[in-house]
Every structure is written in structure tokens, then in C-alpha cells.
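In the numbering used here, the protein residues as written are 298 to 539.
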């Protein structure tokens, strides 16, 4: 069976129902365990004190904000190449979730940055690229809402997604591109010397797993809603023509 058969709207609705329930359960379990572990059972950091514990919200949300856009990029490319409607609807479904993750990352970053930097905001390369990424999310959602024809909207938003991917990359690697700026290096790295201490690392991984599972569950939920909305619109249009 071809992988594209699983993206058939009817088949998609069938197999995503149980996957979505499992993803919600995994997300709930990981977030409860990870956040309680991180906030209540890890010590204060020597320099940052208790403020370091915002890492359990900031880092996972920042990772998902960037990866949500890359997921939208992949599904947009599938739409442009294969003209597969479910892929376009999945990209549309992911956009508000990615934007919410970006907002969480910006707010938690500001809260974390205030005692560390002495200011809630600085025009740091990573902060600035994240703000621009948020504006691209906003523009993407607005463009979908502004165009009535769904195929035209999918075409234009896919092009916008390609352009916005530049800023998604900058948001991920800004610290590596520019040495200046207040933002610290990566909290997670293949180099163990750059990682946060193990006492913070393990609950952080659990929180990241929870955010990933939550993102998957919400994307599936919203994509299923988009499919139902398109079916409803098609039925209404057919009844009006009759």
C-alpha cells in the first residue's frame, strides 16, 4: 500500500482517531511528570537561581515553534508537488499551534531574560528572528483567511511558507551565525559539555516529549476539523446548486 493512501481523507480520519487519543494521553503524562519533576524536584541553579526552571516551558515551546514551521514547509511542498489536499489542510492546521508555541517562547524568554539581562527585551539575533517568525505565522494565518478559493489560498500560503523558512532557520541557528547577542547557546546539544546539567536535562527531555506529543495531537485534531469543515462546505454548495 502506498503511503499516499493513508492521506486519503477517509482513511486519514480512520487511522488518526486512535493515534490522536494516544498522543493526548502521552502528552498529559509527560507534561505532568516533567513539569512537576522540573519545578519541584530540581535544585536552583548557582547563578540563575529558581528562574532557570522556566527552561521546562521555554525550551520545548521554542523547539516546537521552529519545528512546527518546518512541518508546515514539508506539507506545503507536498501540496505544491502532489496537489494533495490533506497536506495543505495539515499545514493550515499547524499554523495556529506553531504561533501559540512562538508566543509562549517569547513570553517565557522575556520572563527568564529580565533578571538575567536586566531587560525583558533586547534586539538580540535570536529574539529578533523569533519575533519575525511570529509575524510570518500571523501573516500565514491571515492569508488563509483572506482568500476564498481554498486551492489558491493553499498555493499562496505554501509560497509564504517557503519564504518564512529562512527565518525559522535563523531562529534555530542565530546564536551560531552571530557571536554577539545576549542569548545563551543551545541548552541541548550533541556535545555533552554544552548541555544543561544532568539534574535539569532529564526532566527537560520529558517536557520536550510532552510538547511533541501535544503538538502531534493538536495537529491531528485540527486537521480532522479542517477536513470536516471542507466536507460541510462542499455539501452546502451542492445543496445550493440543487
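Heads up, the beta-carbon is just placed ideally off N, CA and C, and yes, glycines get one too.
In angstroms, rounded to a whole number, what distance separates the CA positions of residue i and residue j?
i	j	result
residue 490	residue 355	Any reading at residue 490 needs caution, since the residue's pLDDT is 49, under 50, leaving its predicted position unreliable; the model's value is listed next. If you take the alpha carbons of residue 490 and residue 355, they lie about 21 Å apart.
residue 324	residue 402	18 Å
residue 310	residue 521	6 Å
residue 416	residue 426	18 Å
residue 317	residue 428	30 Å
residue 360	residue 464	14 Å
residue 282	residue 348	Since the first and last residues shown for the chain are 298 and 539, residue 282 lies out of range.
residue 409	residue 530	45 Å
residue 462	residue 370	7 Å
residue 502	residue 444	40 Å
residue 456	residue 440	11 Å
residue 450	residue 305	20 Å
residue 383	residue 376	8 Å
Answer with buried or exposed for residue i, where buried requires no fewer than 16 other C-beta atoms within 10 angstroms of its C-beta.
i	result
residue 523	buried
residue 333	exposed
residue 312	exposed
residue 337	exposed
residue 421	buried
residue 510	buried
residue 301	exposed
residue 500	buried
DSSP has residue i in a bridge; who is on the other side?
i	result
residue 445	Looking at the DSSP assignment, residue 445 forms no beta bridge with any residue, so it has no partner.
residue 346	342
Count the C-beta pairs between the stretch 526-534 and the stretch 325-344 that are closer than 8 Å, then say yes if the count reaches three, no if not. Note that the stretch 526-534 does not touch the stretch 325-344; fewer than 3 beta-carbon pairs, one per stretch, sit closer than 8 Å.
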